[in-house]
Amino acid sequence: MRDVCIAGIGQIAVGEHWDRSLRDMAVDAVVSALNDAQVERPQMLFVGNMLSGQLSLQENLGALVADYAGLRGIEAFKIEAACASAAAALRLAYLAVAGGMCDVAVACGVEKMTESRSDRVTTALATAADAVYEAEQGVSFVALNALLMQRYMHQYGYRREDFGGFAVNAHANAAGNPWAMFQRPITPEQFATARLIAAPISLLDSAGIGDGAAAVVVMPADLAGQPPRKPVRIRASASATDAVALHDRRDPLVLDAAALSAGRAYAEAGVGPQDVDLFELHDAFTIMSALSIEACGLAPRGHGVGLAKEGAIALHAAHPMSTMGGLKARGHPVGATGLYQVVEACLQLRGEAGVNQIKGASLAMTQNIGGSGANVFTHILERCW
Amino acid sequence: MSSSSHWRTRRQRLALVGEQCPHCQAMLFPPRDICPSCHGPAKEPYHYGGVGSVYSFSEVYTAPDAYEHYAPYVVALVQLEEGPLLTAQLTDVEPEDVYVGMPVEMVTRRLRAEGPEGLISYGYKFRPVPERVAAH
Ligand SMILES: [Zn+2]
Chain A
961 MRDVCIAGIG QIAVGEHWDR SLRDMAVDAV VSALNDAQVE RPQMLFVGNM LSGQLSLQEN
1021 LGALVADYAG LRGIEAFKIE AACASAAAAL RLAYLAVAGG MCDVAVACGV EKMTESRSDR
1081 VTTALATAAD AVYEAEQGVS FVALNALLMQ RYMHQYGYRR EDFGGFAVNA HANAAGNPWA
1141 MFQRPITPEQ FATARLIAAP ISLLDSAGIG DGAAAVVVMP ADLAGQPPRK PVRIRASASA
1201 TDAVALHDRR DPLVLDAAAL SAGRAYAEAG VGPQDVDLFE LHDAFTIMSA LSIEACGLAP
1261 RGHGVGLAKE GAIALHAAHP MSTMGGLKAR GHPVGATGLY QVVEACLQLR GEAGVNQIKG
1321 ASLAMTQNIG GSGANVFTHI LERCW
Chain B
97 MSSSSHWRTR RQRLALVGEQ CPHCQAMLFP PRDICPSCHG PAKEPYHYGG VGSVYSFSEV
157 YTAPDAYEHY APYVVALVQL EEGPLLTAQL TDVEPEDVYV GMPVEMVTRR LRAEGPEGLI
217 SYGYKFRPVP ERVAAH
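Chains as they are written, first to last, in the numbering used here: chain A, 961 to 1345; chain B, 97 to 232.
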């Protein structure tokens, strides 16, 4: 296997893009990433996306995005792993380059969500769950996370307000991210009184959905390292699966796939959780943050929420998380979100994170969770220039 | 769900038929062909008694298509007394009366209807076990 770098990054602001289609957004991100890497033509394109078939009646995204990006003729694929589709696309681009199958691959994530009726989006998101034994029972994707949060509160003795630190931190950081959808802080009081959407989950526990696209160019280290690029080395790329349905898990409050993929990533990189300078975690819901933190070994079982309560995840604290706003406040275009995480980690490692810059950041981790914990991708990235 | 899909899953949805692994005795619901515990073939039907307790619950206010006019409703992870967890709605109960550990039993109810002319989907829901609620 060859050492692999991210040679270029591209993203568009997350938001309600009435003026831009699915393909327009994907092309914007891909072209930005290629320009950043100063590469004209990749050999392979991996497009992460979850909902285009349901919400835009458009599949065959690999060929469509390749064509509209001016890349007709290259190999291209659509990759789906629910909310982890984009990190899955990066994982495959990594495998293609590390394995020597190509020298330049692009991973892109794209999602168009805001032009569909909200009940259609709710129905579409529920396809990440088990169609027969979860969705058919009337359980929305939010409700699955609510079942986890309720049980967590019961089992470990927390209140709703205890989860507020995750959302407050994310919004504070999004205020410094020009690509974020919600560039404004919120207070713990606003969190405590927010409207419930599936008890005990409120609007402010949940990442806001949006339209967006992000992309990276993946190259072997020996080709990516030539100036004036600022390559970021992929020290580890790992993934793992668990049962799709919550009720089929060994223990619903333990994200086994997150623990497995993080464990594989730590082993591959030869680092531990304490070596990571920043963590872009999958904060689609505050409960997912807590469970992801525990699965990654940053807190013992039942103590993930404590990190947010103690302010340990702020930009200049011990474990900075959601440093550009996270899914919560940057916005969550589901099939693109995993590459936003990676692009944001690269901005930090390249020293280009603006007012949110973490000084001396050299090692970053991203974790992208598909479904309620069924397919989890962990990447560890390192500054190498 | 299509009518053939309803027909295929009728035993599990209407009679709570799962499986018991003949190799490692793992109790499985819903049924599946390969035991997740020992990876052996698991095709021995097992009729669950339909009694269990609430493992976790939520009240849904924003429902998917076709469930909207039932909202708000309570969904739960129910732990059957034989062991497995399953996902189901609770019925015949006020949301504020639900608690983790509440004893419940299976009933067959309408899950949704696909318009006035369409297929009506029936399946399991769970309701409080009356005498034990009184004792609570
Ligand atoms: Zn078995």
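Beta carbons are placed, not taken as given, at the ideal position from N, Cα and C, and that holds for glycine. For clarity, every value in this text was computed on a predicted model and none was experimentally measured.
Within 8 Å (strictly less), CB to CB, does S99 of chain B reach chain D? Judged by its chain identifiers, the structure shown contains no chain D, and its protein chains are A and B.
Ignoring anything shorter than 3 residues, give me the beta strand (DSSP E) runs that lie fully in the region 1219 to 1279 of chain A, in order along the chain. 1238 to 1240
Below 8 Å on the Cβ atoms is my guess for P1191 of chain A versus W1345 of chain A; work out the distance and round it to an integer in Å. 6 Å
For chain B, find out if any of its Cβ atoms is closer than 8 Å to the Cβ of A1277 of chain A; answer yes or no. no
Could you tell me the distance, in whole angstroms, from the CA atom of M902 of chain A to the CA atom of F1006 of chain A? This structure cannot speak to residue 902 of chain A, because chain A is shown only from 961 to 1345.
Coarse secondary structure for D1202 of chain A, derived from DSSP in three states: coil
Comparing the C-beta of P160 of chain B with each C-beta of chain A, is any distance below 8 Å? yes
Taking Cβ positions only, does Y1093 of chain A come closer than 8 Å to chain B? yes
Out of A:I972, A:D1079, A:R1119, which has the shortest C-alpha to C-alpha gap to V1102 of chain A? A:D1079
Throw me the rounded Cβ distance for the A1029 of chain A and V987 of chain A pair, which I believe falls under 8 Å. 5 Å
Do R1120 of chain A and P1145 of chain A count as a contact pair if the criterion is CB distance below 8 Å? no
How about S1100 of chain A: is its C-beta nearer than 8 Å to some C-beta of chain B? yes
Identify whether L1213 of chain A lies in helix, strand or coil by the three-state DSSP scheme. coil
Buried or exposed for C1306 of chain A, please, with buried defined as at least 16 other CB atoms from any protein chain shown within 10 angstroms of its CB. buried
G219 of chain B: contacting residues in chain A (beta-carbon distance under 9 Å): E1096, Q1097
Three-pair Cβ contact test at 8 Å for the region 1324 to 1343 of chain A versus the region 1185 to 1205 of chain A: yes
Would you mind telling me which residues of chain B sit closer than 7 Å to A1106 of chain A, beta carbon to beta carbon, in chain order? S154
Identified DSSP bridge partners for S217 of chain B: B:R208
Is I1157 of chain A close to chain B, meaning its C-beta is less than 8 Å from at least one C-beta of that chain? yes
Assign A1067 of chain A to one of two classes, buried (16 or more other C-beta atoms within 10 Å of its C-beta) or exposed (fewer than that). buried
Please classify C117 of chain B: is it buried, with 16 or more other beta-carbons within 10 angstroms of its beta-carbon, or exposed? buried
Where N1335 of chain A falls, given that 16 or more other Cβ within 10 Å makes a residue buried: buried
Just checking G179 of chain B against ligand 1 - is the residue's beta carbon closer than 7 Å to any of the ligand's heavy atoms? no
Give the single residue among B:R109, B:Q121, B:F125 whose Cα lies nearest to the Cα of G1207 of chain A. The question names Gly, but residue 1207 of chain A in the sequence shown is His. The shortest Cα separation from H1207 of chain A among B:R109, B:Q121, B:F125 belongs to B:F125.
Can you check which of these residues, B:W103, B:G211, B:G114, is closest to Y163 of chain B by C-alpha distance? B:G211
Quick one: is N995 of chain A buried, meaning 16 or more other Cβ sit within 10 Å of its Cβ, or exposed? exposed
Would V171 of chain B and G1331 of chain A qualify as a contact pair, given that the criterion is a beta-carbon distance under 8 Å? no
Closest residue to H1114 of chain A among B:S100, B:Y151, B:T158 (Cα-Cα distance): B:Y151
How big is the Cα-Cα spacing for S1197 of chain A and Y1054 of chain A? 7 Å
Cβ of A122 of chain B versus every heavy atom of ligand 1: is any distance shorter than 7 Å? yes
Give the range of the beta strand (DSSP E) segment to which Q1301 of chain A is assigned. Unbroken run through Q1301 of chain A is the alpha helix (DSSP H), 1297 to 1309; no beta strand (DSSP E).
What first and last residue would you give for the beta strand (DSSP E) that runs through V147 of chain B? 147 to 156
Return the first residue and the last residue of the alpha helix (DSSP H) that T1421 of chain A is part of. The structure shown does not extend to residue 1421 of chain A, since chain A is modelled only from 961 through 1345, so no value can be given for it.
Give me the subset of the region 1221 to 1255 of chain A whose CB atoms are less than 8 Å from a CB atom of chain B, sorted by chain position. none
Less than 7 Å between the CB of G136 of chain B and some heavy atom of ligand 1, yes or no? yes
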